[in-house]
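Visitor: One structure is given below, represented as structure tokens, and several questions about it will come after.
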Amino acid sequence: MPIPYGFPEDGVVNTSATPATSTVKARRVPLAKIDVETASAAVTLGRVLPAESGRPVQAPIFNSAL
Amino acid sequence: MTGLIAFREIVLKVHSRCDLACDHCYVYEHADQSWRARPKVISPEVISRTASRLAEHARDHALPSVTVILHGGEPLLAGTARLRLVCEEFSRALTGIAALDLRIHTNGLQLSTRYLDLFAEFGVRVGISLDGDRAANDRHRRFADGRTSHPLVLAAVALLRSAPYRHLYQGLLCTVDVANDPVAVLDALVELEPPRVDFLLPHATWETPPVRPDGAPDAYARWLLRIFDHWERLGRPVPVRLFESLLSTLRGGPSLTESLGLAPTDLVVVETDGTLEQVDSLKSAFEGAAATGFNVFDHAFDRVAAHPGVRARQLGLAGVSDSCRRCPVVRSCGGGLYTHRYRDRNGFDNPSVYCTDLRELVDGVEGRTAPRETARQLSDPAELARSQEELTRILLARLNADLAGDPGWAHAWELVAAVERAGPAGADALDAVLDHPFTRTWVLAALDAARDGRPGAAEAARRLTALAAAAVLRGGLDLPAEVAYRDGEVYLPTLGLLRLGEPGTQGRASLHVTDDGYAARDGRSEHRFGPAAGDARWQPVRTWSPGPDAAPVALEDLDPYRNCFPRPPRLRLGAGETEEWRGRLDRAWALLHKAVPGFARAAAAGLTTLTPLAGGPRAGGWGEAGRHGPGALGVPYAAGVRETALALLTGRRRTRLRALAEVTDLYALDGQWQHPSPWRSRPVPVSRLLADVHERVAVEAYRRATAGPEPGGSDRIHEALDRLSTAAELTVTGKRLVAELRYELKAVDA
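Those sequence lines, one after another, are chains V and Y. Numbering of the first sequence is given in this note's numbering, commencing with residue 566 and proceeding in unit increments. Numbering of the second sequence is given in this note's numbering, commencing with residue 379 and proceeding in unit increments.
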């Protein structure tokens, strides 16, 4: 039996940012399948883990070629 | 040698002559005429030696990949046999050392299936120069006898787009001429379905300024912005490197071309005779401008990397002119292409000869895109919360990558995965424990330990097991909930502290859900406990209700990871102390809602956890934000009602700004500039100035509504906002935030 939120005194607080009915939960990547090596994950991690925000491998920058 | 920026990009001149006679070509038509003395074709010895040097460089610098761009003159004039040798030698030399990205940039005239079969064999991607429609292309790209090259280039592109070779199509490079019709130029390029396009400003310096037919200093900006507008109308049908670079830097990301931004150069040019040169566009500046005095036979690439001319283009902000350093768009334009800054009198210590164009172009792109490019988290609290939730999940996955080899961690990870797989109830329960603000504190501490090589896997596995168990209990799930306790107790995140043994003992226990709460089985004995009431072995997390319609807030005085604030937390409050604190919080909350209702509502949004801190209020009574998830706030337990109200207000402002900065880019290159602050004796980085203003707008509102405003307080905030408005570090999202702060202050002033 799930514990209801909002006991009048001491109890269980809902700390979740995503409403229980949100479709976000259904769409998101399961924890076990999150790939932390992607460029997008590197950007996300780089904001809070400065040691990981080193210069990423990027496309060539030579002006006179693509 | 230390401090070198390794070369990741080699421009290999395989042929020094060209079969076209474009009158805008920097190789043949500009200041440097060194091509006349070069061998026409690169020799096998130069190829072999360059490949060895590159392999040595990649190995020494542990480069994961290198790019080799075959260039000229016209590189196809080298012939298939010589180009095959290039591909074979570089592939062989780099095997097992670094990935090799081979490219060629050509005018396309000689392109045939013989070449393309060779390129397909070695994965050489092909870029082609084309200045747009026929009229545009014929303006400069002609044979020496004046004949058009346009039909031959189109035939080359058609062949490259055909089925066997399409995957080699790298894109089209277009040199700008403002006499051309920009709409026709873009249409002509888009029609050829290139994977990417770039527009190049014709090389020019202060000595040989660009052609400006109508004398306007912004002719190139207006031309490029017409391209941009048409590109937008067409739905951005192809990535345009110039525009993508500007959009990236405006968002706070890196520049994508050496012609824009402050990214250090990482390319070197190898001429057909093995001479090592700096970037060859410098040939437009003066005779010998690109020379280094080094060659592949006698010198390693590191020697060139240490060359003052190369280093000068790696200095970022310190490498641009003084007026550029003070310009608000310098992060995006970077002072322009290095070559375009040249003046005989003082070399390259100047803004670009395209300075006016670049400023207008950056401002124009920003003005057209800022509303769309602004991060949604700024205006949408739900989106901010969702991004924060995702951040914790990615951090946890990152920790798993570090600790996956530890059996205890692997077991705990599987328990968490099982909770997530247990349908909506499992996902909700897992969210609740992952969004517990001190879960973030724990994950970050565990990542620190893993990075520093400190032992921490056992402690991390214990906490993760407890997280999984808490989720099982919260969700009422029919899953194993086994916990490991230490010193006789275990903290179940968001629920409470469970004593399972004598102090100093450790072991494991099994938890499960009962009809009216939970139970812990330790051997043959069972201890029942529940969320609402404690006993000798169970201390539940207490709560406080901010109001009849508000969700309860945890009064967190149990979690060991709550010790993340600038001052230490209180130990577990007594029952009487808790009641007293609830009373003070009630009165402080009421005061806040009466004095500054808008700010109070914003402070309430997302607040889940209050931690009592030791000691009295600081001067000003401001609240504390620490290294935790966004729902938490530390408040001095001993603070009175007014100080508690101010602590709630300022603490939530700090937490909100921190939460934004963790999931969006409000600024870039923080600390590269120092700004005078009305509140501090020394200049501060932009992050500090923004944080001060963000907090003080709310404080000013509160003071006006209660004790009266601080004399000159509003003026000081305006002064700081004015400074921020011209700060080069701010991204489009950061600028939007500053605009909102100004609006908030105006509302306060009113």
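C-beta: ideal position from N, C-alpha, C; glycine also.
So Y/T1042 and Y/T956 are in contact, right, with Cβ under 8 Å, and what is the actual spacing, rounded?
Guide: In the second sequence, counting from the first residue as 1, residue 1042 of chain Y sits at position 664. In the second sequence, counting from the first residue as 1, residue 956 of chain Y sits at position 578. Contact doesn't hold; Cβ gap of about 37 Å is too wide.
Visitor: Which value, in whole angstroms, describes the spacing of the CA atoms of V/A630 and Y/A599?
Guide: The sequence position of residue 630 of chain V within the first sequence is 65, counting from 1. The sequence position of residue 599 of chain Y within the second sequence is 221, counting from 1. If I take the Cα positions, the gap works out to 22 Å.
Visitor: So, is the C-beta of V/R612 closer than 8 Å to a C-beta in chain Y?
Guide: Stepping through the first sequence from its first residue, residue 612 of chain V is reached at position 47. For V/R612, the answer is yes, since a Cβ of chain Y falls inside 8 Å of its Cβ.
Visitor: Could you name the residues of chain V that Y/A779 contacts, counting a contact when the two beta carbons are closer than 7 Å?
Guide: Taking the first residue of the second sequence as position 1, residue 779 of chain Y is located at position 401. Residues of chain V passing the Cβ test: V601.
Visitor: Give me, in chain order, the residues of the same chain whose beta-carbon lies closer than 8 Å to that of Y/D1048; leave out the 5 immediate sequence neighbours on both sides.
Guide: As a position in the second sequence, residue 1048 of chain Y is number 670, starting the count at 1. So the qualifying residues of the chain are P1063, V1064, S1065 and E1107.
Visitor: Excluding the five sequence neighbours on either side, which residues of its own chain have a C-beta within less than 6 Å of the C-beta of Y/V708, listed in chain order?
Guide: Taking the second sequence and counting its residues from 1, one reaches residue 708 of chain Y at position 330. So the list reads C702 and A1106, once near-sequence residues are dropped.
Visitor: When burial is assigned at 16 or more other CB atoms within 10 Å of the CB, is Y/A1128 buried or exposed?
Guide: The sequence position of residue 1128 of chain Y within the second sequence is 750, counting from 1. Exposed: under 16 other Cβ atoms inside 10 Å.
Visitor: Between V/T609 and chain Y, is there a C-beta pair that is closer than 8 Å?
Guide: Here residue 609 of chain V refers to the residue found at position 44 when the first sequence is read from its first residue. Chain Y, which has a Cβ nearer than 8 Å to the Cβ of V/T609, makes this yes.
Visitor: Under 7 Å Cβ-Cβ, which residues of chain V neighbour Y/D438?
Guide: Within the second sequence, numbered from 1, the residue matching residue 438 of chain Y stands at position 60. What Y/D438 touches in chain V: nothing, since even the nearest Cβ is about 17 Å away.
Visitor: Could you check which residue in Y/S540, Y/A562 and Y/E622 has the C-alpha nearest to that of Y/G510?
Guide: Working through the second sequence from its first residue, we reach residue 510 of chain Y at position 132. Considering only alpha carbons, the answer is Y/A562.
Visitor: Taking one C-beta from the stretch 766-780 of chain Y and one from the stretch 812-830 of chain Y each time, how about it: are there three or more such pairs within less than 8 Å?
Guide: Yes, the stretch 766-780 of chain Y touches the stretch 812-830 of chain Y.
Visitor: Output, in chain order, the set of chain V residues within a Cβ distance shorter than 9 Å of Y/V794.
Guide: Residue mapping note: residue 794 of chain Y aligns to position 416 of the second sequence, counting from 1. What Y/V794 touches in chain V: L596 and A597.
Visitor: Which one or two residues does DSSP pair with Y/A898 in a beta bridge?
Guide: The residue labelled residue 898 of chain Y in the question sits at position 520 within the second sequence. Paired residues: Y/L889 and Y/H905.
Visitor: Suppose the cutoff is 7 Å on Cβ atoms and the five residues either side in sequence are ignored; what does the same chain contact list for Y/Y404 look like?
Guide: Position 26 of the second sequence, counting from 1, holds the residue named residue 404 of chain Y. Contacts found: H581, S659, K661 and S662.
Visitor: Please return the same chain residues whose Cβ sits closer than 6 Å to the Cβ of Y/P871, not counting the five positions on each side in sequence.
Guide: Translated into the one-based positions of the second sequence, residue 871 of chain Y becomes position 493. Within the same chain, Y/P871 has close Cβ partners V811, H814, L845 and A848.
Visitor: Can you round the beta-carbon distance between Y/G326 and Y/A807 to whole angstroms, since I take them to be within the 8 Å contact cut?
Guide: The first residue shown for chain Y is 379 and the last is 1128, placing residue 326 of chain Y beyond what the model contains.
Visitor: Using DSSP with H/G/I as helix, E/B as strand and the rest coil, what is Y/F675?
Guide: As a working note, residue 675 of chain Y is residue 297 in the second sequence. Y/F675: coil per DSSP, three-state reduction.
Visitor: Give the DSSP-derived three-state secondary structure of Y/E622 in the structure shown.
Guide: By 1-based counting over the second sequence, the position of residue 622 of chain Y is 244. Looking at Y/E622 - three-state DSSP - the assignment turns out to be helix.
Visitor: Y/V575 and Y/V616 look like a contact to me (Cβ under 8 Å); what is the Cβ gap, rounded to whole Å?
Guide: Along the second sequence, read from residue 1 onward, the residue named residue 575 of chain Y stands at position 197. Along the second sequence, read from residue 1 onward, the residue named residue 616 of chain Y stands at position 238. So it is a contact: roughly 5 Å between Cβ atoms.
Visitor: Does the Cβ of Y/E880 have 16 or more other Cβ atoms within 10 Å, making it buried, or fewer, making it exposed?
Guide: The residue you call residue 880 of chain Y lines up with position 502 of the second sequence. Exposed, since its Cβ has fewer than 16 Cβ neighbours within 10 Å.
Visitor: So for V/I568, helix, strand or coil by DSSP?
Guide: Position 3 of the first sequence, counted from the first residue, corresponds to residue 568 of chain V. For V/I568, the pLDDT reaches just 37, beneath the cut-off of 50, and the residue's location in the model is therefore unreliable, although a value from the coordinates is still provided. Coil, per DSSP.
Visitor: Given a threshold of 16 other Cβ atoms within 10 Å of its Cβ, counted over all protein chains shown, does V/V613 qualify as buried or as exposed?
Guide: The residue labelled residue 613 of chain V in the question sits at position 48 within the first sequence. With 16 or more Cβ atoms within 10 Å of its Cβ, V/V613 is classed as buried.
Visitor: Which chain V residues sit within Cβ distance under 9 Å of Y/V535?
Guide: Indexing the second sequence from 1 puts residue 535 of chain Y at position 157. The premise fails here: Y/V535 is roughly 13 Å from chain V at the closest Cβ pair, so nothing lies under 9 Å.
Visitor: Quick one: what's got a C-beta closer than 8 Å to Y/L822's C-beta in the same chain, skipping five residues either side?
Guide: Taking the second sequence and counting its residues from 1, one reaches residue 822 of chain Y at position 444. Result list for Y/L822: L773 and R1005, in chain order.
Visitor: For chain V, check one thing: does any of its Cβ atoms lie closer than 8 Å to the Cβ of Y/L1111?
Guide: Within the second sequence, numbered from 1, the residue matching residue 1111 of chain Y stands at position 733. The residue asked about is misnamed: residue 1111 of chain Y is Thr in this sequence, not Leu. Not one chain V Cβ lies under 8 Å of Y/T1111.
Visitor: Against chain V, with Cβ distances strictly below 8 Å, would Y/T635 count as a contact?
Guide: Locating residue 635 of chain Y in the second sequence gives position 257, where the first residue counts as 1. With 8 Å as the cut-off, Y/T635 counts as an interface residue toward chain V.
Visitor: Below 8 Å, how does it come out for the stretch 387-405 of chain Y and the stretch 446-456 of chain Y: are there three or more Cβ pairs, yes or no?
Guide: Yes, they touch.
Visitor: Whole angstroms is fine: what's the gap from Y/Y732's alpha carbon to Y/A399's?
Guide: Along the second sequence, one-based indexing puts residue 732 of chain Y at 354. Along the second sequence, one-based indexing puts residue 399 of chain Y at 21. If I take the Cα positions, the gap works out to 25 Å.
Visitor: Is it true that the CB of Y/V931 sits closer than 8 Å to the CB of Y/L988?
Guide: If you number the second sequence from 1, residue 988 of chain Y lands on position 610. If you number the second sequence from 1, residue 931 of chain Y lands on position 553. Yes, the pair counts as a contact, with Cβ atoms nearer than the cut-off.
Visitor: Give me the subset of the stretch 834-856 of chain Y whose CB atoms are less than 8 Å from a CB atom of chain V, sorted by chain position.
Guide: Answer in chain order: L851, R852, G853 and G854.
Visitor: Leaving out the 5 sequence neighbours to the left and right, which residues in its chain are closer than 8 Å to Y/G925 when beta-carbon positions are compared?
Guide: Position 547 of the second sequence, counted from the first residue, corresponds to residue 925 of chain Y. W967, listed in sequence order.
Visitor: Taking V/A624 as the query, report the chain Y residues whose CB atoms sit under 8 Å from its CB, ordered along the chain.
Guide: Sequence index remark: in the first sequence, residue 624 of chain V carries index 59 (1-based). In chain order: L634.
Visitor: Does DSSP classify Y/A911 as helix, strand or coil?
Guide: Numbered from its first residue, the second sequence carries residue 911 of chain Y at position 533. Residue state, collapsed to three classes: coil.
Visitor: Could you tell me the alpha carbon to alpha carbon distance between Y/A384 and V/F627, rounded to whole angstroms?
Guide: Your numbering for residue 384 of chain Y matches position 6 in the second sequence. Your numbering for residue 627 of chain V matches position 62 in the first sequence. Near 15 Å, if we compare the C-alpha coordinates of V/F627 and Y/A384.
Visitor: By the criterion of Cβ-Cβ separation under 9 Å, what are the contact partners of Y/H483 in chain V?
Guide: Working through the second sequence from its first residue, we reach residue 483 of chain Y at position 105. Residues of chain V passing the Cβ test: F627, S629, A630 and L631.
Visitor: Bridge partners of Y/E387, per DSSP?
Guide: Along the second sequence, one-based indexing puts residue 387 of chain Y at 9. Paired residues: Y/T445 and Y/L645.
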